[in-house]
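Residue numbers (the working numbering), protein chains in the order written: chain A, 1 to 264; chain B, 1001 to 1264; chain C, 2001 to 2299; chain D, 3001 to 3299.
For glycine and all other residues, C-beta sits at the position ideal for the given N, C-alpha and C.
From a predicted model like this one, the values you see are computed outputs, not experimental measurements.
Working notes for the structure below.
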Amino acid sequence: MATQEQCQVLDQTQVGPRYFKLTLKSLYISTNAEPGQFVNVRVDSGTEPLLRRPISLHKINREDQTFELLYEVLGQGTELLSKVIIGSKLDVLGPLGSGFKFDPEKKIAILVGGGMGVAPLLPLAQQLKTLGGRAVYALAGARDKSCLLCETDFAELANEKVVATDDGSHGRRGYVSDLLLDLLNNTVEARHYPQTTIYACGPKGMLKAVAEIALQRQIDCQVSLEEKMACGVGACLGCAVMTTGGYKTVCKDGPVFNAREISW
Amino acid sequence: MATQEQCQVLDQTQVGPRYFKLTLKSLYISTNAEPGQFVNVRVDSGTEPLLRRPISLHKINREDQTFELLYEVLGQGTELLSKVIIGSKLDVLGPLGSGFKFDPEKKIAILVGGGMGVAPLLPLAQQLKTLGGRAVYALAGARDKSCLLCETDFAELANEKVVATDDGSHGRRGYVSDLLLDLLNNTVEARHYPQTTIYACGPKGMLKAVAEIALQRQIDCQVSLEEKMACGVGACLGCAVMTTGGYKTVCKDGPVFNAREISW
Amino acid sequence: MVELAGIKLNNPVLVASGTFGYGKEYADFFDLNKLGGIITKSVTLMAKEGNPPPRIVETPSGMINSIGLQNEGLEAFLKTALPFLAKLEIPAIVNIAGDTVDEYAELAKQLSKEKTVKGIEVNISCPNVKKGGMAFGIDPATTKEVIGAVRKATTLPVIAKLSPNVTDITLTAKAAESSGANAISLINTVVAMAIDIETRRSRIGRKTGGLSGPAIRPIAVRMVHEASRAVKIPIIGIGGIVTGSDAIEFFLAGASAVEVGTANFVDTAAPLRILAEINAYLAKHEISDYDELIGAFKE
Amino acid sequence: MVELAGIKLNNPVLVASGTFGYGKEYADFFDLNKLGGIITKSVTLMAKEGNPPPRIVETPSGMINSIGLQNEGLEAFLKTALPFLAKLEIPAIVNIAGDTVDEYAELAKQLSKEKTVKGIEVNISCPNVKKGGMAFGIDPATTKEVIGAVRKATTLPVIAKLSPNVTDITLTAKAAESSGANAISLINTVVAMAIDIETRRSRIGRKTGGLSGPAIRPIAVRMVHEASRAVKIPIIGIGGIVTGSDAIEFFLAGASAVEVGTANFVDTAAPLRILAEINAYLAKHEISDYDELIGAFKE
Ligand SMILES: Cc1cc2nc3c(=O)[nH]c(=O)nc-3n(C[C@H](O)[C@H](O)[C@H](O)COP(=O)(O)OP(=O)(O)OC[C@H]3O[C@@H](n4cnc5c(N)ncnc54)[C@H](O)[C@@H]3O)c2cc1C
Ligand SMILES: Cc1cc2nc3c(=O)[nH]c(=O)nc-3n(C[C@H](O)[C@H](O)[C@H](O)COP(=O)(O)OP(=O)(O)OC[C@H]3O[C@@H](n4cnc5c(N)ncnc54)[C@H](O)[C@@H]3O)c2cc1C
Ligand SMILES: Cc1cc2nc3c(=O)[nH]c(=O)nc-3n(C[C@H](O)[C@H](O)[C@H](O)COP(=O)(O)O)c2cc1C
Ligand SMILES: Cc1cc2nc3c(=O)[nH]c(=O)nc-3n(C[C@H](O)[C@H](O)[C@H](O)COP(=O)(O)O)c2cc1C
Ligand code: FES
Ligand code: FES
């Protein structure tokens, strides 16, 4: 169940060169949202840009009846979003999609975030902590230091946290998939693989690399995908992704899919 | 000669229910503008709305190198304009068009403004005062009291100022054309007609009524017209108005025309 | 209550094929029974996989789609989508598409057995499939063939959905009328293309797609007007309708009802808001019935 | 320096007919000699009064115009507009429109005597006149007639400006090519309509007008691509070009040059800005000449 709601903007803060954090009020969304779900935001009341913009739920604060979005200004839509002022209302559709799944048998969770991909992993980490009884490893990669987001948040929520940047300006130099390989070679040993789930979100190339690593080792792996969207509710079939069972919708069947299902 | 310039917004003030006054900085425009000319303002950097919005020059402050616009929020374009913040830049094309003409023989000037039509009459009154040697009568009409603009400004600049509102909530009840008839019957006598110019700006119906009154009495009359515009510089022929000499452009041949010329 | 081509509509605001799924997806957001009626996503005889992603791209005040009629085929439609529509109190109009004339006829025949189905909209105007689709709807002769075959196969009201990608819309409109269509709906999307200047490839999975949304509204209004003067059967106006004012433009141009398409994506409440705005306009102008507006455009 | 259909252009960014007057109006704003070339407002044999106002109305990301080819006729053009164009260093391409085939030929013949005129763009696609205009350009046979007659009347390069209001643009494109056009330009405006719901009248003086601006760009890109695969003569892309990126889309689709239209109204610096943006793209991608982009769309 989702709602279309005029949510009050409680906060809008710039958290990096082109990164913003937006806090919105909604009893319904904060109560019903699950990690991995997203909202579809109307950034303009006119016709330009015409379509809503999908943004993952980044924090879900049930007590405050608020939720947060973490986003990067890429084009016209996110540019307009970044200009939304505190106190105004934003037209939000959500919570949407099918989020991360939890298997009580899996005692090890490896979170792999690339760039903005960390956004939906934070509420996931929170949830895993609440569920308890799991070892949580958080791996985050970014182009450079200024693009590395929520490092401290993850430090609080995960048992272990490792970061990498493409240029080595912070953490290790390299890709987040390298961090994953390291972890799987050194820390999470092969005998743990059956109890492990990898949760990944980030650019398509990175997801593919992570999925390959996981599939080779037969480790359970959930990936959060992105596709251009129109409706966000499964009505237009615009956000198709090819799976072993034919085209599925990222907005309704996903955005979180089992990596095995995707025709990479 | 006109310029396209990014003008700094020095002030934006709400002056009535849906009325705003905008102060912009431009050496070029403030130096070169004449009363009756207008600027064509880009209200959005995207494509919606696509076209610029023509707004009359309301004050021309050569010393400060600034000019002012007085406008009413009617639709999407002026709505966006009213949200422009102080300190930002606005893309302005101007000064455009052909403004009011002055004949040294005409010692009496009657300014007739309906609604927003008062906007370009204020710099005209200023100019007439500067030119000197004229009796200036300012007549202003509006729907109701809240829509009556720049009354005090005119009081300072004109020898006499009379106002009317459709509902009688301020000044006389009735139309501004009634005020004109009164003035022509009682104050400016028939023998003065040859030395008189009527300058009128307002809704088309009012202009037509004023033009008829003037033409019947063979009083010189200049009217400032409006038409939907695209280019504002005479290139597209979009703003045509039928005259005795065929279609002319409001943006270049006008907006100020001799009332005799117009095919009403 | 509005009667259109023999279909009893709740009101003149319907939802357009392909933009509202089979209804279920929007049931979260409002009471579907408040709609004038639902036009389903196109159904084909056999399942269609659809086109490769990306399937949509935004353009100025519009979007291009290339879904490729993805659907599970008639059998699955009857089993899974129709039961949901059966529970609603508003008419379900099923939009059909085929690769051949026979497929259209077969679809019409089988759907006629279902009492939930109150009308058939014949999509001869989809620009996003290789075979059939738009090819039928840009030629008056093939328009006649398809509509004629559907006419023979069913006693249900038949709505011919026309393509705007033609030189003269009155020719296909007349062809549809003369071959037995009870109404015409238009426009479907305009064939369009957008190129990614970095990859030099199309910004959608196939080369071209269909342009919809406010950008095409002025084209749609013109075509509805032209068609309405060429035929006697009622016309359903489609194309970029976002507000009640837009819908009224279509009524004035000659449409007896409207379908809301792309606007559903932008505002889930669009059809009901549009209806409310139409009613507010009627009240303000003291017009007792919206049908006084139909074709009331003054030349 | 770019050569297009035998015309030496400064660069591939021209200004579109009817959106730039005869050049003079924009001389205030920048050095016209930086343009690729100027295409004049349509010139007719006899003066044309033009259509009643309002002549323009805004629509989502676009505008409808109904100017009706207002101009003072050939004689006045030669006397007042041409001398200004003669002083420029860039080629003047004169756009002509006629009510009959003979008028087109006569215009071409007389303009050929003027050495300032470097090419003739034949407007067979204006939707805003009662006689002639678009009627010629939606039918391959009449397209052939007009272009053939102009071809015989002049040795100047002939550019056929095509209408998008057709089912199949390749037919008129081929007709223009086979009858001797040296290049094709497209698209002209799309026939469109907007109704004022208060007055119930058209929002422009005539019933319909021509839609231009970013809204139609995806349609124009598609048509340029289709035409470019059907003919060998070069194509000038037109339709909603606002940025360098838009222009590059047209190059990739198969255009050898572009014309900037409605964008001139929004930003007087549009053509030069677009040119600068194209050059920045070329530099960034280390492409030595923009002609490497022409038709480089990957299917
Ligand atoms: C389920 C889902 C969840 C998402 N969650 C988040 C989130 O939490 N935070 C966030 O910042 N973004 C998120 N996104 C991506 C976000 O929707 C896009 O960045 C946004 O729509 C871009 O809109 P725009 O108008 O600013 O850019 P556009 O004008 O649409 O595009 C500008 C440029 O960015 C590129 N671009 C657009 N979308 C993406 C994308 N998804 N990835 C990479 N490049 C892109 C375009 O190709 C173009 O070059 C999510 C997307 C999906 C589908
Ligand atoms: C030469 C000239 C000078 C002008 N000077 C001023 C000025 O000093 N101050 C000022 O407030 N306005 C002035 N205008 C009018 C102003 O340009 C319009 O009000 C403005 O363009 C409306 O834009 P919008 O997007 O807000 O409204 P739109 O969305 O374009 O229109 C909203 C509604 O207002 C109506 N409307 C639009 N333009 C006008 C108009 N000119 N008169 C009456 N109704 C209209 C429309 O029909 C529509 O119903 C001038 C116009 C011209 C041609
Ligand atoms: C994503 C999408 C999918 C569509 N699918 C179909 C379809 O399956 N069958 C059909 O007849 N029309 C389809 N259409 C066309 C719409 O029904 C409608 O004719 C068109 O979008 C114009 O209306 P609009 O501008 O209001 O969207 C589709 C349109 C969109 C945007
Ligand atoms: C106001 C206006 C006037 C036009 N006049 C002419 C004309 O006289 N002759 C012509 O061939 N095209 C004319 N056009 C069409 C343009 O040249 C161009 O083909 C069309 O506008 C599409 O390009 P755009 O979207 O960049 O404006 C006119 C367009 C506009 C907007
Ligand atoms: S965005 Fe419409 S189905 Fe996913
Ligand atoms: S607005 Fe273009 S000529 Fe006046």
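Is it buried or exposed for residue i, if we count other Cβ within 10 angstroms and need 16 for buried?
i	result
Gly2119 (chain C)	buried
Ala1200 (chain B)	buried
Pro1194 (chain B)	exposed
Val3071 (chain D)	The amino acid at residue 3071 (chain D) is misidentified as Val; the sequence shows Asn. Buried, by the Cβ-count rule.
Asn2033 (chain C)	exposed
Gly87 (chain A)	exposed
Asn45 (chain A)	First, the residue type needs correcting, since residue 45 (chain A) is Ser and not Asn in the sequence shown. It is exposed - the Cβ of Ser45 (chain A) has fewer than 16 other Cβ atoms within 10 Å.
Gly205 (chain A)	exposed
Pro17 (chain A)	exposed
Asp64 (chain A)	exposed
Arg191 (chain A)	exposed
Gly1077 (chain B)	buried
Lys1161 (chain B)	buried
Among the options, which one has its Cα closest to the Cα of residue i?
i	options	result
Gly3023 (chain D)	D:Ala3005, D:Val3129, D:Ser3042 and D:Lys3008	D:Ser3042
Ala135 (chain A)	A:Met116, A:Leu181, A:Asn159 and A:Val118	A:Asn159
Pro2140 (chain C)	C:Arg2203, C:Phe2084 and C:Ala2176	C:Ala2176
Gly94 (chain A)	A:Phe67, A:Leu237, A:Lys107 and A:Tyr199	A:Phe67
Thr3172 (chain D)	D:Phe3136, D:Lys3008, D:Met3193 and D:Thr3059	D:Phe3136
Gly1099 (chain B)	B:Gln1127, B:Pro1255 and B:Gly1205	B:Pro1255
Tyr137 (chain A)	A:Arg143, A:Asp144 and A:Lys129	A:Lys129
Val2191 (chain C)	C:Thr2155, C:Cys2126, C:Leu2156 and C:Arg2229	C:Cys2126
Asp153 (chain A)	A:Ser224, A:Pro203, A:Lys59 and A:Thr187	A:Lys59
Leu27 (chain A)	A:Cys7, A:Ala109 and A:Tyr71	A:Cys7
Gly2062 (chain C)	C:Ala2149, C:Ala2194, C:Gly2244 and C:Met2223	C:Ala2194
Val176 (chain A)	A:Glu189, A:Gly202, A:Gln37 and A:Val188	A:Gly202
Tyr19 (chain A)	A:Cys231, A:Val118 and A:Val112	A:Val118
Ser2112 (chain C)	C:Ile2090, C:Asp2289 and C:Leu2078	C:Leu2078
Ser2017 (chain C)	C:Leu2156, C:Ile2147, C:Ile2187 and C:Arg2203	C:Ile2187
Lys1089 (chain B)	B:Leu1215, B:Val1188, B:Gln1216 and B:Leu1010	B:Leu1010
Val3260 (chain D)	D:Ile3274, D:Glu3249 and D:Asp3196	D:Ile3274
Leu2989 (chain D)	D:Thr3143, D:Ser3066 and D:Phe3030	Since the displayed chain D opens at 3001 and closes at 3299, residue 2989 (chain D) lies outside it and no answer follows.
Val3224 (chain D)	D:Ala3215, D:Ser3212 and D:Ile3238	D:Ile3238
What distance in whole Å lies between the Cβ atoms of residue j and residue i, which are believed to be in contact at a cut-off of 8 Å?
i	j	result
Ile3124 (chain D)	Ala3160 (chain D)	7 Å
Ala2263 (chain C)	Val2231 (chain C)	Between Val2231 (chain C) and Ala2263 (chain C) the Cβ distance is about 26 Å, and since that is not below 8 Å, they are no contact.
Asn1061 (chain B)	Leu1096 (chain B)	Asn1061 (chain B) to Leu1096 (chain B), Cβ: 18 Å. No contact.
Gly1238 (chain B)	Arg3201 (chain D)	Rounded, the Cβ-Cβ distance is 18 Å, inconsistent with contact.
Arg1173 (chain B)	Asp1182 (chain B)	Not confirmed; about 13 Å, so no contact.
Val3122 (chain D)	Val3146 (chain D)	6 Å
If we cut at 8 Å on Cβ distances, does residue i have a partner in chain F?
i	result
Gln37 (chain A)	Of the protein chains in this structure, namely A, B, C and D, none is chain F.
Runs of 4 residues minimum, wholly inside the region 1036-1086 of chain B: which ones carry the alpha helix (DSSP H) assignment? Here the runs fully enclosed are 1076-1082.
Starting from the N-terminal side, write out each stretch of the beta strand (DSSP E) that is 3 residues or longer and does not extend beyond the region 105-187 of chain A. Listed in chain order, the complete beta strand (DSSP E) runs (minimum 3 residues) inside the region 105-187 of chain A are 108-114, 135-142 and 160-165.
What are the residues of the region 45-71 of chain A that lie near chain B, defined by any Cβ-Cβ distance shorter than 7 Å? Contact annotation: in the region 45-71 of chain A, residues whose CB is within less than 7 Å of a CB in chain B are Gly46, Thr47 and Glu48.
Contained beta strand (DSSP E) runs [length at least 3] in the region 3103-3154 of chain D, N- to C-terminal order: Runs of the beta strand (DSSP E) inside the region 3103-3154 of chain D: 3117-3123.
Unbroken stretches of the beta strand (DSSP E), 3 residues or longer, contained in the region 3176-3264 of chain D: As for any beta strand (DSSP E) of minimum length 3 sitting wholly inside the region 3176-3264 of chain D, the runs are 3183-3186, 3190-3192, 3209-3212, 3235-3238 and 3257-3260, ordered along the chain.
Chain-ordered residues of the region 74-88 of chain A with a beta carbon less than 7 Å from chain B: Within the region 74-88 of chain A, those residues whose Cβ lies closer than 7 Å to any Cβ of chain B are, in chain order, Gln76.
At a Cβ cut of 7 Å, what residues of the region 2045-2060 of chain C count as close to chain D, listed as they run along the chain? Listed in chain order, the positions of the region 2045-2060 of chain C with a beta carbon within less than 7 Å of a beta carbon of chain D are Thr2059 and Pro2060.
At which residue ranges does the region 208-251 of chain A contain complete beta strand (DSSP E) runs of 3 or more residues, listed in the order of the chain? List check, beta strand (DSSP E) in window: 220-224, 240-243 and 246-249.
At a Cβ cut of 7 Å, what residues of the region 3143-3172 of chain D count as close to chain C, listed as they run along the chain? Taking 7 Å as the Cβ-Cβ cut-off against chain C, the residues of the region 3143-3172 of chain D that qualify are Asn3165, Val3166 and Thr3167.
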